[in-house]
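In our numbering, the protein residues as written are 272 to 478.
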């Protein structure tokens, strides 16, 4: 089955192709279609609403099975009005630079006694046809938790400022000081794989 993944991010596309390989799904990215890509205003209140908005728009444009994903940053024990959610870079209506983000999230961690536990919550919407739409923001799609600290690591990677403030909970080390240097994505990938397995099973049963 050929399925469009509503993204132009090659890293995300490669990851999802790896996940889908065992499911006999042929994943195609938006840029591989060689067609105009619709511009979508992501006005959803959470990642799931944004994923649904994008999937519906792409399904309407390309008339074939399509899925879209979105993510948001959430912290334990943080008031709703303080949660970054899908607006990780936009604060009080302003789009922050990398250094401004480090400054903002460093101060946020400091205000909460350096005990903020965060995770990225992922959502997915898969539209197979007019009769079959599947959505999930299950915990199995979340990244592992990390500790947000107020003192940034000296290393910077453009476009990923929060990584400079991220500490592995188990070792107490900055992710940049770990050999792997990244949050383990294996559990998330398994969550997406289980999502598609359930979708395909329901589709086949309905035929």
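Beta carbons are placed, not taken as given, at the ideal position from N, Cα and C, and that holds for glycine. Remember, it's a predicted structure, so these values are computed and weren't measured experimentally.
Handout entry: 4 or more residues per run - each alpha helix (DSSP H) lying fully within the segment 325-355
Key = none
Practice task
For residue 406, collect the residues of the same chain with a Cβ closer than 8 Å to its Cβ; drop the 5 residues on either side in sequence, then sort them by chain order.
Solution key: As a working note, residue 406 is residue 135 in the chain shown. Answer for residue 406: 319, 322, 323, 394, 395, 396, 397, listed in chain order.
Handout entry: Cutoff 7 Å; reference residue 385; Cβ partners in own chain excluding five residues on either side
Key = As a first step, residue 385 is located in the chain shown; it is residue number 114 there, counting from the start. The residues are 420, 421.
Problem - Straight-line gap, residue 473 to residue 464 (C-alpha atoms, nearest Å) - result: Walking along the chain shown from the start, residue 473 turns up at place 202. Walking along the chain shown from the start, residue 464 turns up at place 193. Their Cα atoms are separated by approximately 14 Å.
Handout entry: Delimiting residues of the alpha helix (DSSP H) encompassing residue 376
Key = The count along the chain shown starts at 1 and reaches residue 376 at position 105. Looking at the DSSP string, the run of the alpha helix (DSSP H) that includes residue 376 is 369-382.
Exercise for the section: Using the Cα positions of residue 326 and residue 426, report the straight-line distance between them to the nearest angstrom. Expected result: By one-based count along the chain shown, residue 326 stands at place 55. By one-based count along the chain shown, residue 426 stands at place 155. One C-alpha to the other measures close to 36 Å.
Problem - Per-residue DSSP class, three states only, for residue 395 - result: Numbered from 1 along the chain shown, position 124 holds the residue referred to as residue 395. Residue 395 falls in the strand class under three-state DSSP.
Practice task
For the beta strand (DSSP E) containing residue 407, list its first residue and its last residue.
Solution key: Here residue 407 refers to the residue found at position 136 when the chain shown is read from its first residue. Segment 403-407, the beta strand (DSSP E) holding residue 407.
Practice task
Output the boundary residues of the beta strand (DSSP E) element that contains residue 300.
Solution key: As a first step, residue 300 must be located in the chain shown, where it is residue number 29. Unbroken beta strand (DSSP E) run through residue 300: 297-300.
Exercise for the section: Check each candidate in 278, 376, 347, 428 and name the one with the smallest Cα separation from residue 361. Expected result: Your numbering for residue 361 matches position 90 in the chain shown. With distances taken between Cα atoms, residue 361 lies closest to 376.
Problem - Endpoints, the alpha helix (DSSP H) within which residue 273 is located - result: For the purposes of this step, residue 273 is identified with residue 2 of the chain shown, where counting begins at 1. Here residue 273 belongs to no alpha helix (DSSP H); instead the beta strand (DSSP E) covers 273-276.
Exercise for the section: Indicate the three-state DSSP secondary structure (helix, strand or coil) for residue 477 in the structure shown. Expected result: For the purposes of this step, residue 477 is identified with residue 206 of the chain shown, where counting begins at 1. Three-state DSSP puts residue 477 in a helix.
Exercise for the section: Kindly list the residues whose CB is nearer than 7 Å to the CB of residue 291, restricted to its own chain and excluding five residues on each side of it in sequence; keep chain order. Expected result: In the chain shown, counting from the first residue as 1, residue 291 sits at position 20. Answer for residue 291: 298, 467, listed in chain order.
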